[in-house]
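Chains as they are written, first to last, in UniProt numbering: chain A, 1 to 219; chain B, 1 to 219.
We treat Cβ as the ideally placed atom computed from N, Cα and C, and that holds for glycine.
Right, one structure below, let's go through it.
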């Protein structure tokens with residue numbers, strides 16, 4: 001139970017998911033990979049990631065509802081539901097810490113360790129979905145990745161402990177409340193923290209009302 | 001001083017920065033915007049963002065060192081240093097909370113409020129840099145955004161309180177330490193949190209050593 005707030009500071013696996021009309025990878029003069037409609041994934045593995053992070057990211061990529069259904073209802077179907085393609089490209093620069101204006105990549109998994117891990121993630125996607133619909137870039141090569149972002153629709157995924165999951169936030173809030181009980185009373189600051197956590201979890205859990213930003217909102 | 005850990009849970013302005021060889025926006029049959037070498041920015045404004053968030057994001061976009069210098073040294077020059085172009089496209093889907101596999105966008109700023117804020121951010125970039133080098137999409141339109149990601153090089157920016165800034169992490173650690181002093185002793189769990197915060201801040205502050213993931217690493 002060392003979860004909670006500190007965990008939010010640990011590095012997580014990151015995936016930038018772009019819904020595409022088409023996407024391709026060129027190395028030098030040669031186009032080595034291409035897809036039609038589907039998802040282009042830029043995937044960044046941190047030095048702290050485990051198989052659990054990979055499981056989460058693979059599950060979310062393949063099940064994320066970013067496509068419309070047959071009646072044109074947005075945010076209803078996944079890439080698997082629609083039997084569309086996935087182009088996945090390794091992207092260590094997502095594990096970036098800024099030092100002033102200079103990116104620092106020490107929190108990225110080293111290339112030596114990242115390559116087999118990245119390949120196993122691709123294999124996992126092929127196993128869960130269809131091998132012929134999962135395409136790849138060329139690990140560590142200098143690539144031109146052509147992405148025709150459709151919408152645009154772009155979503156950042158972060159593996160389990162990331163702060164973007166409503167359930168996770170609700171869980172954190174409960175842990176926070178339990179911890180508060182064990183702490184000394186009269187600490188105004190931690191009381192305010194608790195309030196901030198609660199209002200955040202509530203706003204995430206709410207639905208309807210602001211029609212403009214509902215799940216049905218189009219890009 | 002309501003900063004600290006709770007703040008990490010609040011929504012922040014997000015920008016996906018892709019280094020590009022070229023990028024363009026098409027609406028219907030018409031190409032409405034295009035750039036050559038430079039940066040393509042997908043920008044998501046949260047309901048909690050203020051001018052302070054905008055200031056941070058504009059500063060980081062324009063000064064981020066993602067280009068090489070005249071001697072080919074990577075991560076040395078900004079888009080302004082190289083006098084390259086910026087294509088910025090509004091992207092509310094970056095403010096996404098997952099409810100299972102369904103994206104929820106209630107934490108995004110409503111379109112009505114986001115449009116003037118977004119336009120002011122573009123104006124700010126034009127003022128700081130050169131107006132003719134900052135291009136735009138078409139707010140709230142259905143667009144095809146064609147991005148030729150060069151490398152690829154992709155960086156996620158989050159406005160000040162985001163967990164990706166080394167200085168911010170060091171500051172949080174100090175705040176954390178001060179708070180610990182005011183709390184009841186013997187709370188093992190918060191002691192562990194403190195340790196986690198410290199080790200994270202240290203690992204971010206480290207330099208050299210793992211040559212493979214140093215700032216000089218190429219995509």
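If you follow the beta strand (DSSP E) that residue i is in, where does it begin and where does it stop?
i: residue 104 (chain B); result: 102-104
i: residue 127 (chain B); result: Counting along the chain, residue 127 (chain B) falls outside any beta strand (DSSP E), though it belongs to the alpha helix (DSSP H) covering 111-128.
i: residue 15 (chain A); result: 14-27
i: residue 136 (chain A); result: 134-136
i: residue 93 (chain A); result: Counting along the chain, residue 93 (chain A) falls outside any beta strand (DSSP E), and DSSP gives it neither H nor E.
i: residue 39 (chain B); result: 38-44
i: residue 72 (chain B); result: Taken as a continuous stretch (DSSP letters only), residue 72 (chain B) belongs to no beta strand (DSSP E), as it is neither H nor E.
Using a Cβ-Cβ cutoff of less than 6 Å, which residues in the same chain neighbour residue i once the five nearest sequence positions on both sides are dropped?
i: residue 69 (chain A); result: 76, 77
i: residue 160 (chain A); result: 56
i: residue 125 (chain A); result: 58, 134
i: residue 162 (chain B); result: In this prediction, residue 162 (chain B) has a pLDDT of 46, which is less than 50 and means its spatial position is unreliable; what the coordinates show is noted afterwards. 12, listed in sequence order.
i: residue 26 (chain B); result: 144
i: residue 80 (chain A); result: 62, 129
Give the straight-line distance between the Cα atoms of residue i and residue j, rounded to the nearest whole angstrom.
i: residue 15 (chain B); j: residue 30 (chain A); result: 31 Å
i: residue 66 (chain A); j: residue 111 (chain A); result: 31 Å
i: residue 116 (chain A); j: residue 52 (chain B); result: 41 Å
i: residue 122 (chain B); j: residue 129 (chain B); result: 10 Å
i: residue 108 (chain B); j: residue 82 (chain B); result: 33 Å
i: residue 11 (chain B); j: residue 100 (chain A); result: 22 Å
i: residue 45 (chain A); j: residue 103 (chain A); result: 16 Å
i: residue 147 (chain B); j: residue 132 (chain B); result: 20 Å
i: residue 35 (chain A); j: residue 43 (chain B); result: 25 Å
i: residue 47 (chain B); j: residue 142 (chain A); result: 38 Å
i: residue 222 (chain A); j: residue 94 (chain A); result: This structure cannot speak to residue 222 (chain A), because chain A is shown only from 1 to 219.
i: residue 73 (chain B); j: residue 64 (chain B); result: 15 Å
i: residue 127 (chain B); j: residue 127 (chain A); result: 51 Å
i: residue 158 (chain A); j: residue 158 (chain B); result: 14 Å
i: residue 71 (chain B); j: residue 71 (chain A); result: 55 Å
Considering Cα atoms alone, identify which of the options is closest to residue i.
i: residue 28 (chain A); options: B:150, B:158, B:12, B:33; result: B:150
i: residue 56 (chain A); options: B:34, B:71, B:82, B:98; result: B:98
i: residue 61 (chain B); options: B:71, B:19, B:142, B:145; result: B:19
i: residue 54 (chain B); options: B:143, B:144, B:119, B:96; result: B:119
i: residue 96 (chain A); options: B:22, B:154, B:142, B:23; result: B:154
i: residue 152 (chain B); options: B:24, B:32, B:72, B:39; result: B:39
i: residue 49 (chain A); options: A:114, A:64, A:72, A:93; result: A:114
i: residue 41 (chain A); options: A:72, A:91, A:21, A:47; result: A:91
In chain order, what residues of the same chain lie with their CB nearer than 8 Å to the CB of residue i, ignoring the 5 residues before and after it?
i: residue 156 (chain A); result: 14, 15, 16, 17, 164
i: residue 192 (chain A); result: Residue confidence for residue 192 (chain A) is low, a pLDDT of 34 falling below 50, so the modelled location carries little weight; the figure read from the coordinates is stated next. Nothing listed; no residue qualifies.
i: residue 210 (chain B); result: Any reading at residue 210 (chain B) must be qualified, since the residue scores a pLDDT of 31, below 50, and its modelled position is unreliable; no value is offered.
Using a Cβ-Cβ cutoff of less than 7 Å, which residues in the same chain neighbour residue i once the five nearest sequence positions on both sides are dropped?
i: residue 33 (chain B); result: 24, 25, 87, 135, 136, 137
i: residue 21 (chain B); result: 37, 148, 150
For the alpha helix (DSSP H) that residue i lies in, which residues bound it at each end?
i: residue 51 (chain A); result: 51-63
Is there contact between the stretch 123-142 of chain A and the stretch 83-93 of chain A, where contact requires at least three CB pairs shorter than 8 Å?
yes
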